[in-house]
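Q: Sequence lines, in order, name chains A and B.
If you read the first sequence in our numbering, its first letter stands for residue 1, the second for the next number, and so on.
If you read the second sequence in our numbering, its first letter stands for residue 1, the second for the next number, and so on.
There are 2 protein chains.
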Amino acid sequence: MNIGEIARRAGVSRSTVSYVLSGKRPVSDEVRARVERVIEESGYRPSATARALAQGSTRTIGLVIPPMGSHLSIDQLQFVGSVAEAAADHDHDVLLSPSGRDEVFDRMLGERRVEGVIVMETLLHDARVSRLLQEPVPFVTIGRTGSETAHAWVDLDYAGLVTTAVRRLAELGHRRIALVNRPQELLDQEYGPAFRAQDAFDKTVAELGLGGHLVCCADDTRAGEECVRRLLADTPELTALVSINERSLSGVVHGLKATGRTLPRDFSVVAVTSQANAQGIAPAVAGADVPTAEMGRSAVEALLAAIDDPAKAPAQVLLRPELIERASLGAAPVSRA
Amino acid sequence: MNIGEIARRAGVSRSTVSYVLSGKRPVSDEVRARVERVIEESGYRPSATARALAQGSTRTIGLVIPPMGSHLSIDQLQFVGSVAEAAADHDHDVLLSPSGRDEVFDRMLGERRVEGVIVMETLLHDARVSRLLQEPVPFVTIGRTGSETAHAWVDLDYAGLVTTAVRRLAELGHRRIALVNRPQELLDQEYGPAFRAQDAFDKTVAELGLGGHLVCCADDTRAGEECVRRLLADTPELTALVSINERSLSGVVHGLKATGRTLPRDFSVVAVTSQANAQGIAPAVAGADVPTAEMGRSAVEALLAAIDDPAKAPAQVLLRPELIERASLGAAPVSRA
DNA sequence: CTGAAAGCGCTTACAG
DNA sequence: CTGAAAGCGCTTACAG
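#1: Could you check which residue in Ala165/B, Thr292/B, Thr58/B, Tyr44/B has the C-alpha nearest to that of Leu49/A?
#2: In the region 216-233 of chain B, which residues sit with their C-beta less than 7 Å from some C-beta in chain A, listed in chain order?
#3: Within the continuous alpha helix (DSSP H) that includes Arg176/A, where are the two ends?
#4: With burial defined as no fewer than 16 other Cβ atoms inside 10 Å of the residue's Cβ, what is the status of Gln134/B: buried or exposed?
#5: At 8 Å on the CB atoms, spell out the chain A contacts of Thr58/B, in chain order.
#6: Counting C-beta neighbours from all protein chains within 10 Å, is the total for Asp309/B 16 or more, i.e. buried, or is it exposed?
#7: Grouping DSSP H, G and I as helix and E and B as strand, with all else coil, what is Tyr44/B?
#8: Using the three-state DSSP reduction, which class does Leu304/B fall into: helix, strand or coil?
#9: Any idea what DSSP makes of Gly280/B, helix, strand or coil?
#10: Report yes if the CB atom of Gly425/A is closer than 8 Å to the CB atom of Gly143/A, and no otherwise.
#11: Can you pull the chain B neighbours of Pro98/A, defined as C-beta to C-beta under 8 Å?
#12: Mind checking Lys24/A: buried by the 16 CB within 10 Å criterion, or exposed?
#13: Check this for me: beta carbons of Val83/A and Gly287/A, under 8 Å apart or not?
#14: Just to confirm before moving on: does the CB-CB distance between Ala278/A and Arg326/A stay below 8 Å?
#15: Give the residues from the region 262-288 of chain B that approach chain A closer than 9 Å (Cβ to any Cβ), ordered along the chain.
#16: Using only the alpha-carbon positions, how far apart do Asp91/B and Trp153/B sit?
#17: Output the distance between the C-alpha atoms of Asp219/A and Ala293/B, rounded to the nearest integer angstrom.
#18: If you measure between the beta carbons of Arg182/A and Ala165/A, is that distance less than 8 Å?
#19: Report yes if the CB atom of Ala302/B is closer than 8 Å to the CB atom of Val140/B, and no otherwise.
#20: Within a Cβ cutoff of 6 Å, which residues of the same chain sit near Gly62/B, ignoring the five residues on either side of it in sequence?
#21: Quick check on DSSP: helix, strand or coil for Arg336/B?
#22: For Ser250/A, which residues in the same chain have their Cβ closer than 6 Å to its Cβ, ignoring the five residues on either side in sequence?
#23: List in chain order: all unbroken alpha helix (DSSP H) runs of 4+ residues lying wholly within the region 157-223 of chain B.
#24: Does DSSP put Asp93/A in a helix, in a strand, or in coil?
#25: Under 8 Å Cβ to Cβ from Ile87/B, same chain only, skipping five residues before and after it: list those, please.
#26: Considering only C-alpha positions, which residue in the set Gly260/A, Ala223/A, Arg261/A, Thr259/A is nearest to Ser248/A?
#27: Just mark Asn2/B as buried or exposed, buried being the case when its beta carbon has 16 or more other beta carbons within 10 Å.
#28: Determine, for Ile74/A, whether the minimum Cβ-Cβ distance to residues of chain B falls below 8 Å.
#29: Assign Gln55/A to buried or exposed, taking buried as 16 or more other Cβ atoms, counted over all protein chains shown, within 10 Å of its Cβ.
#30: Name, in chain order, the residues that DSSP records as bridge partners for Val242/B.
#31: For chain A, is any of its Cβ atoms less than 8 Å away from the one on Leu53/B?
#32: Tell me which same chain residues have a C-beta within less than 7 Å of the C-beta of Pro138/B, skipping the five on either side of it?
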């Protein structure tokens, strides 16, 4: 079943069928009704491939997902879903490209399967971005790169979030605070969030004259427990911590409980993580909820804007969700303050 | 830059350029070299859209991902990645369709963007599958449906895994065992894994004359803790549990520790979860590692086989990873056995 | 071994 | 308001 067959059955030309479908040209009510009936009866849908070829647009965007086996989180799958949904809202489809599979990346770009690309988990120095900067295709990164060349990005303001969290803890009387960061290897790779969180933590702690303790932690529960045990052994006076490591968070909280701390009476925890994760831990963890849906939507909209008008200044969106106070956050213990 | 321009520059016909690219017809060494040089110099890549139209094949498969905000797990993102990688190994791309977005699903199928579809998180009665059964497009479900009509699927043998786990615990002397299942709402929706695990648990426990305790648990850490507390309050003689709920697992283990149990001396835990999750908990949890990569690969291969020969009997792959003994598993405590 | 031409299924300027 | 025709960029039978 194709447009020619519909035209024949309705007794009109193929162009008329096309215009009935697209609405780009007025069609008399009578003809329109006839064509629509035939389409209805036959269940005809135009071929996306043929349309893409004729129009020169695939209405598809590429999404470069992190390589397998690396630091995948629930947030990231949520993000993938939200990109697909936001794209659907704009009548676009999403094609997946696993990072590290250069053939797929090459095919998406070289063979013009996509109109633009979203890159997840961008590093400060990112080979994929270097590659994209040489191509004519618009793209948006999740996370900023160190690239001087301006390009569109959407990022969470880790520096701002960490600063706010430390300030709030200081207001509550906490004087010795730790930062639980992502794994050391990510810092080594210059992963932006780990990098900027650490920097902001150092500065804020210094500015407020607090005792600050940095620790990197692997992305799992067990590492969270160990990390807390080590921290408390080294610095028993610690009364609060800020975590940007969502996968170790429940381990961190359990580690605190295991060493006899009751939250928030003896110890406070503030984290950057998804709302579901923060509330899925007992006690519920205060902090900034990572707005995955909003990030997905912003990225898609920034990309579509760039596709629409490549000359326009690239959108750069820095999201900074507010700090939500939940049961894990309280005043510093009087005895220790 | 298109095939005509390459042909002109190389002084050959467009068909010759096409045959140099596809290798479907012999081309003299001299002509081939000339064409290849021009292609090389110009960086020409054929348009995927034009090729798809001419060949009648998009070389793209659709992946229907679970709706957002529902029970997403790390395993599932891994699975998405492994589908993309397996597809890439067979020169196919992956188009995403968020469940619940019927327009996207309709577009994928109706507008023939994809050659076939993989459906994640299938329910026993699944609207998406009913829809697919009426379409001519091949598809593979992850998880079996209750449909009598045969279709291709890939599933984990939850029944077998639970049975094996219970038997092993019985061998080790455990007499009262609990099953920590997925949330009640999934059972109500007739989610296959939850359903079959429960059924197998009931049967095996009865067969071995053990005391069996069923409990549904929400998909988070806090729920795991509460669930264990409730279980132990009701049945203090419990010495082991089997969990198929990966997201609550660390809470379950911490709950056990919080009630004074030392694993595996006082209590044993066996779980079906990803290897990373099992090993990211202290002590490492024994059980069957969900083989996400293998499931993704099997699904892609089953789908490509169905696309290749729709008449062939659909592949039905039941995976049953072996039970791995880790630190959480041991003999029943003597005092209680 | 190579080329001229038809065809894939659409869209859209051009004409009336 | 409608149609005939060219064109999107490939592939592939047909001919030589």
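Backbone N, C-alpha and C define an ideal beta-carbon position, used for all residues, glycine too.
A: Inspection of the coordinates gives the following:
#1: For this step, residue 49/A is matched to residue 49 along the first sequence. Going by the sequence as given, residue 49/A is Thr instead of Leu. Looking at the Cα atoms, Thr58/B is the closest of the given residues.
#2: For the region 216-233 of chain B, the set of residues with a beta-carbon nearer than 7 Å to any beta-carbon of chain A comprises Asp220, Thr221, Arg222, Glu225, in chain order.
#3: Sequence index remark: in the first sequence, residue 176/A carries index 176 (1-based). No alpha helix (DSSP H) holds Arg176/A; the beta strand (DSSP E) holding it covers 176-181.
#4: Within the second sequence, residue 134/B is the residue found at index 134, counting from 1. Classification for Gln134/B: exposed.
#5: To locate residue 58/B, count along the second sequence from 1; it is residue 58. Simply Thr49.
#6: Here residue 309/B refers to the residue found at position 309 when the second sequence is read from its first residue. Taking all protein chains in view, the Cβ of Asp309/B is surrounded by fewer than 16 other Cβ atoms within 10 Å, so the residue is classified as exposed.
#7: Here residue 44/B is taken as the residue at index 44 of the second sequence, counted from 1. Shown here, Tyr44/B sits in coil according to DSSP, grouped into three states, outside any helix or strand.
#8: By 1-based counting over the second sequence, the position of residue 304/B is 304. Helix, per DSSP.
#9: Translated into the one-based positions of the second sequence, residue 280/B becomes position 280. It is coil, neither helix nor strand.
#10: Because chain A in this structure spans residues 1 to 337, residue 425/A falls outside the shown range and cannot be described.
#11: By 1-based counting over the first sequence, the position of residue 98/A is 98. Simply Gly81, Ala84, Glu85, Ala88.
#12: Against the first sequence, residue 24/A aligns to sequence position 24. It is exposed - the Cβ of Lys24/A has fewer than 16 other Cβ atoms within 10 Å.
#13: In the first sequence, the residue the question calls residue 83/A occupies position 83. In the first sequence, the residue the question calls residue 287/A occupies position 287. For Val83/A and Gly287/A, no; Cβs fall outside 8 Å.
#14: Within the first sequence, numbered from 1, the residue matching residue 278/A stands at position 278. Within the first sequence, numbered from 1, the residue matching residue 326/A stands at position 326. Their beta carbons are under 8 Å apart, which means Ala278/A touches Arg326/A by this criterion.
#15: Ala276, Asn277, Gln279, Gly280, Ile281, Ala282, Pro283, Ala284
#16: Reading the second sequence from its first residue, position 91 is the one you call residue 91/B. Reading the second sequence from its first residue, position 153 is the one you call residue 153/B. Near 22 Å, if we compare the C-alpha coordinates of Trp153/B and Asp91/B.
#17: Along the first sequence, read from residue 1 onward, the residue named residue 219/A stands at position 219. Along the second sequence, read from residue 1 onward, the residue named residue 293/B stands at position 293. Going from the Cα of Asp219/A to the Cα of Ala293/B covers about 20 Å.
#18: Taking the first residue of the first sequence as position 1, residue 182/A is located at position 182. Taking the first residue of the first sequence as position 1, residue 165/A is located at position 165. Taking 8 Å as the Cβ cut-off, Arg182/A and Ala165/A do not qualify as a contacting pair.
#19: Translated into the one-based positions of the second sequence, residue 302/B becomes position 302. Translated into the one-based positions of the second sequence, residue 140/B becomes position 140. The answer is yes: Cβ separation under 8 Å.
#20: Within the second sequence, numbered from 1, the residue matching residue 62/B stands at position 62. Within the same chain, Gly62/B has close Cβ partners Leu95, Ser97, Met108, Val114, Val117.
#21: What you label residue 336/B is simply residue 336 of the second sequence in a count that begins at 1. No answer about Arg336/B holds up, because its pLDDT of 44 lies below 50 and its placement is not dependable.
#22: As a position in the first sequence, residue 250/A is number 250, starting the count at 1. Non-local C-beta neighbours of Ser250/A in its own chain, meaning closer than 6 Å and more than five positions away in sequence, comprise Thr221, Ile281, ordered along the chain.
#23: 158-171, 184-188, 192-208
#24: Indexing the first sequence from 1 puts residue 93/A at position 93. Strand, per DSSP.
#25: In the second sequence, residue 87/B corresponds to position 87, counting from 1. For the record, residue 87/B in the displayed sequence is Ala; it is not Ile. Ile61, Asp93, Val94, Val300, listed in sequence order.
#26: As a working mapping, residue 248/A is identified with position 248 in the first sequence. Checked all of Gly260/A, Ala223/A, Arg261/A, Thr259/A; the closest Cα to Ser248/A is Ala223/A.
#27: By 1-based counting over the second sequence, the position of residue 2/B is 2. By the 10 Å Cβ count, Asn2/B comes out exposed.
#28: On the first sequence, residue 74/A is found 74 positions in, with the first residue counted as 1. Chain B, which has a Cβ nearer than 8 Å to the Cβ of Ile74/A, makes this yes.
#29: The residue you call residue 55/A lines up with position 55 of the first sequence. With fewer than 16 other beta carbons inside 10 angstroms of its own, Gln55/A counts as exposed.
#30: Taking the first residue of the second sequence as position 1, residue 242/B is located at position 242. The partner list for Val242/B (beta bridge, DSSP) reads Leu179/B, Val270/B.
#31: Taking the first residue of the second sequence as 1, we reach residue 53/B at position 53. By this cut-off, Leu53/B is an interface position.
#32: Against the second sequence, residue 138/B aligns to sequence position 138. Once the five neighbours on either side are set aside, the close Cβ partners of Pro138/B are Gly116, Leu303, Ala306, Ile307, Pro310.
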